[in-house]
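Residue numbers (our numbering): 2 to 70.
Here a beta-carbon is modelled for each residue, glycine too, at the ideal position from N, C-alpha and C.
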């Protein structure tokens with residue numbers, strides 16, 4: 002049980018780092034400098050793009066899984 006929790010924690014931390022990295026990649030692509038001096042609207046555009054890409058990735062995975070069946 003403890004081993005399972007460790008695995009879950011490790012995966013969670015990996016995913017947090019991946020999303021954090023994705024945030025900076027997308028910000029760079031959009032020409033946005035993230036930070037407290039940037040407007041909420043501008044920072045929010047990065048969050049919106051992250052959401053779009055994560056949804057697209059999930060849809061592609063689901064589509065791929067359904068094709069296999």
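Asked: Extent of the continuous alpha helix (DSSP H) run through residue 8; Found: 3-31
Asked: Where residue 59 falls, given that 16 or more other Cβ within 10 Å makes a residue buried; Found: exposed
Asked: Neighbourhood of residue 43 by C-beta, 7 Å cutoff - its chain only, sequence neighbours within 5 removed; Found: 33
Asked: Local conformation of residue 52 per DSSP, three classes; Found: helix
Asked: Euclidean distance between Cα positions of residue 36 and residue 11; Found: 27 Å
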